[in-house]
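**Q** Dumping the structure here so I can ask a few things about it.
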Amino acid sequence: MERLYASYNEDIEFLIVYIREAHPEMLREGNKTGIVDRPKDIDERTILASECVAKYKFTMPMVIDGMDGKVNDDYKAWPVRVTVTDIDGKVAFYAGPGPFDFRLPPVERVLKKLIANGGRMPPPPVPQWGQTVNGLRCGLSIDPEKLIVGDVVAAKLKFENTTDKPIDFYYKAADAVKNLDIINSCGQALSIKASSGRRMRSRRSNPVQRIAPGKAFEAEVEGTVVAPDDQVTLAVGQFSAVYNNEINDDTLAQIEPAPTREVWKGKVRSGLFAIDLELPRQEGCIDCHGDSDYHHKKDENCQYCHVGQAGTDDFGLRNKVCANCHPRHGVYGRRQILGSDGEFDLASKHISGEITDKGCLLCHDKSKHRNGVVNLIDPDSGGAEPWTGTRTEFCLTCHDGQPPDGASFSAKSMGTGSDKLEFLVSALSQTKDGCSYCHTPHGSKYPALLKNLYSQ
Numbered sequence: 013m014e015r016l017y018a019s020y021n022e023d024i025e026f027l028i029v030y031i032r033e034a035h036p037e038m039l040r041e042g043n044k045t046g047i048v049d050r051p052k053d054i055d056e057r058t059i060l061a062s063e064c065v066a067k068y069k070f071t072m073p074m075v076i077d078g079m080d081g082k083v084n085d086d087y088k089a090w091p092v093r094v095t096v097t098d099i100d101g102k103v104a105f106y107a108g109p110g111p112f113d114f115r116l117p118p119v120e121r122v123l124k125k126l127i128a129n130g131g132r133m134p135p136p137p138v139p140q141w142g143q144t145v146n147g148l149r150c151g152l153s154i155d156p157e158k159l160i161v162g163d164v165v166a167a168k169l170k171f172e173n174t175t176d177k178p179i180d181f182y183y184k185a186a187d188a189v190k191n192l193d194i195i196n197s198c199g200q201a202l203s204i205k206a207s208s209g210r211r212m213r214s215r216r217s218n219p220v221q222r223i224a225p226g227k228a229f230e231a232e233v234e235g236t237v238v239a240p241d242d243q244v245t246l247a248v249g250q251f252s253a254v255y256n257n258e259i260n261d262d263t264l265a266q267i268e269p270a271p272t273r274e275v276w277k278g279k280v281r282s283g284l285f286a287i288d289l290e291l292p293r294q295e296g297c298i299d300c301h302g303d304s305d306y307h308h309k310k311d312e313n314c315q316y317c318h319v320g321q322a323g324t325d326d327f328g329l330r331n332k333v334c335a336n337c338h339p340r341h342g343v344y345g346r347r348q349i350l351g352s353d354g355e356f357d358l359a360s361k362h363i364s365g366e367i368t369d370k371g372c373l374l375c376h377d378k379s380k381h382r383n384g385v386v387n388l389i390d391p392d393s394g395g396a397e398p399w400t401g402t403r404t405e406f407c408l409t410c411h412d413g414q415p416p417d418g419a420s421f422s423a424k425s426m427g428t429g430s431d432k433l434e435f436l437v438s439a440l441s442q443t444k445d446g447c448s449y450c451h452t453p454h455g456s457k458y459p460a461l462l463k464n465l466y467s468q
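Each residue of the sequence shown is one higher than the one before, starting from 13 at the first, in our numbering.
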């Protein structure tokens, strides 16, 4: 479940409910919790639940059932059970009791459906029925109906008794996947490889199932969709799945011990169930990093900011990351600072000569800038500390006649030309805008970085 939590925690709420202790008799004198046998109150149970979280390193939130065990009783959760509810609080999936039914693939299929359908479950696939043979008919459905090679799917079979008498039906779970044929109009085939060595499983292990009149025996195969090794290229589109099986005297002769009642014989066949094979989606950087980041947009080229191969030691940021983004006008609201017609290309500009990342980083913090945050740094700290003072005080860290390391003034602007320390005593310096009331921070078409105040 931790894997699913890591994959879906932005869209789905996960919760572990600690219901009770599996083997309280193993809590003996001297154990690290100090609790012996079954906990006597909620405080002792809380200690045991906390130890469970620490031992198994759960990152999902955990709550604790009361000593009355109401949640355990309501959900029949003992010993372990997975329940998925939809956006309305209705149960969308209710697994069988664990540990046998504690399986992730069906849970993941449900989560994908909920996300794709606004938090509510779509109707289940409709079984496709074959013709009735000797009072028995077979239905087949596959979930999901749209898939790619490598997906884990569930193929569900129903064998329905259409007569008014019981039918004894021979069903060998181990051979079920062999009787599933998945093929397209070009003759290309797919198959289902049972997950973790499990083959088709049924609700009962007896190979001869008694089906009551008007009732159905249900079975399910869960596995990975695979293509033959020599089938390099698959045509995407519609495939048809069908279940075929013949039960005759030779088949029944294999049953040990021999059945004492007459067993159904004949050729059972489901209807054709249509599935859509899709091309595998190419995963990119966004699939892991998400697109909520200011720079991590789906139409963004990672090479604007990064060099090297991801996952290797040579992967990192480009040296000139500022210049990669800010010559472009209006991309995600960026200002055009550099390049032709950029702010540093105007008649007066804050830094003379060629503008490099080093010049930008005299004033700006890049650690959060990729999220669209424009933070200033303290120039006197060499870029190590964020700026927390007023805007006027920030400007005066350089324009006090003693600029910090890395900043310099041209000879013609030295002295009173660059020393604005006296500005601190003016009323304008106490406003929110301060220096920027009259001046732009990067460049201006007017002298001395002045704004066109007459247009304001």
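All C-beta atoms in this analysis are idealised placements derived from N, C-alpha and C, irrespective of residue type, glycine included.
No experiment lies behind these values; they were computed from the predicted model shown.
1) For GLU232 and GLY199, I'd like the C-alpha separation in whole angstroms.
2) Am I right that GLU120 and LEU16 are in contact with their C-beta atoms under 8 Å? What's the rounded C-beta distance?
3) What span of residues does the beta strand (DSSP E) with GLU172 cover, start to end?
4) Looking at the strands, I want to know which residues DSSP matches up with ILE12.
5) Mind reading off the beta-carbon distance from VAL237 to GLY320? Whole number of angstroms is fine, and I expect it under 8 Å.
6) Residues in the same chain with beta-carbon distance under 8 Å from ALA460, minus the five sequence neighbours each way, listed in chain order, please.
7) For MET74, list the residues DSSP reports as bridge partners.
8) In angstroms, rounded to a whole number, what distance separates the CA positions of LYS88 and GLU33?
9) How is GLU397 classed by DSSP in three states: helix, strand or coil?
10) Do you know whose CA, among ASN256, THR97 and GLY46, lies nearest ARG149's CA?
11) Could you tell me the distance, in whole angstroms, from the CA atom of LYS158 to the CA atom of VAL164?
12) Looking at C-alpha atoms only, which residue of TYR449, GLY147, ASN146 and ASP390 is the closest neighbour of THR409?
13) Within the same chain, show all residues whose beta-carbon is closer than 8 Å to that of ILE54, passing over the 5 residues directly before and after it, in chain order.
14) Report all residues from its chain with a CB closer than 6 Å to the CB of ILE194; omit the five preceding and five following residues, and keep chain order.
15) Have a look at PRO398, ALA167 and PHE114 and flag the residue whose alpha-carbon is nearest the alpha-carbon of GLN140.
16) Sort LEU116, ARG132 and TRP90 by Cα distance to GLY101 and report the nearest one.
17) Look up TYR182 in the DSSP assignment and say whether it is helix, strand or coil.
18) How is PHE114 classed by DSSP in three states: helix, strand or coil?
19) Express the C-alpha separation of ASN43 and CYS375 in angstroms, rounding to a whole number.
**A** The short version:
1) Residue numbering aside, residue 232 sits at position 220 when the sequence shown is read from its first letter. Residue numbering aside, residue 199 sits at position 187 when the sequence shown is read from its first letter. GLU232 and GLY199: Cα-Cα distance of roughly 26 Å.
2) Numbered from 1 along the sequence shown, position 108 holds the residue referred to as residue 120. Numbered from 1 along the sequence shown, position 4 holds the residue referred to as residue 16. About 6 Å separates the two Cβ atoms, so the contact holds.
3) Locating residue 172 in the sequence shown gives position 160, where the first residue counts as 1. Residues 164-173.
4) Lying outside 13 to 468, the shown extent of the chain, residue 12 is not represented and no answer is given.
5) Here residue 237 corresponds to residue number 225 of the sequence shown, with the count starting at 1. Here residue 320 corresponds to residue number 308 of the sequence shown, with the count starting at 1. Not a contact, Cβ separation roughly 35 Å.
6) Counted from its first residue, the sequence shown places residue 460 at position 448. Closer than 8 Å at the Cβ level, and outside the excluded window around ALA460, lie SER360 and HIS451.
7) Stepping through the sequence shown from its first residue, residue 74 is reached at position 62. In the DSSP output, where bridge partners are listed per residue, MET74 has ILE28.
8) By 1-based counting over the sequence shown, the position of residue 88 is 76. By 1-based counting over the sequence shown, the position of residue 33 is 21. Cα-Cα distance, rounded: 15 Å.
9) Numbered from its first residue, the sequence shown carries residue 397 at position 385. Residue state, collapsed to three classes: coil.
10) Locating residue 149 in the sequence shown gives position 137, where the first residue counts as 1. Out of ASN256, THR97 and GLY46, ASN256 has the C-alpha closest to the C-alpha of ARG149.
11) In the sequence shown, residue 158 corresponds to position 146, counting from 1. In the sequence shown, residue 164 corresponds to position 152, counting from 1. Distance between the alpha carbons of LYS158 and VAL164: 11 Å.
12) As a position in the sequence shown, residue 409 is number 397, starting the count at 1. For the residues TYR449, GLY147, ASN146 and ASP390, the minimum Cα distance to THR409 belongs to ASP390.
13) For the purposes of this step, residue 54 is identified with residue 42 of the sequence shown, where counting begins at 1. Within the same chain, ILE54 has close Cβ partners ILE76, GLY78 and MET79.
14) Residue numbering aside, residue 194 sits at position 182 when the sequence shown is read from its first letter. LEU202, PHE251 and ALA253, listed in sequence order.
15) Looking up residue 140 in the sequence shown gives position 128. Residue ALA167 is the option with its Cα nearest to GLN140.
16) Within the sequence shown, the letter at position 89 stands for residue 101. That would be ARG132, whose Cα lies nearest to the Cα of GLY101.
17) Position 170 of the sequence shown, counted from the first residue, corresponds to residue 182. Strand, per DSSP.
18) Within the sequence shown, numbered from 1, the residue matching residue 114 stands at position 102. Here PHE114 sits in coil by DSSP.
19) Against the sequence shown, residue 375 aligns to sequence position 363. Against the sequence shown, residue 43 aligns to sequence position 31. Approximately 58 Å, taken between the alpha carbons.
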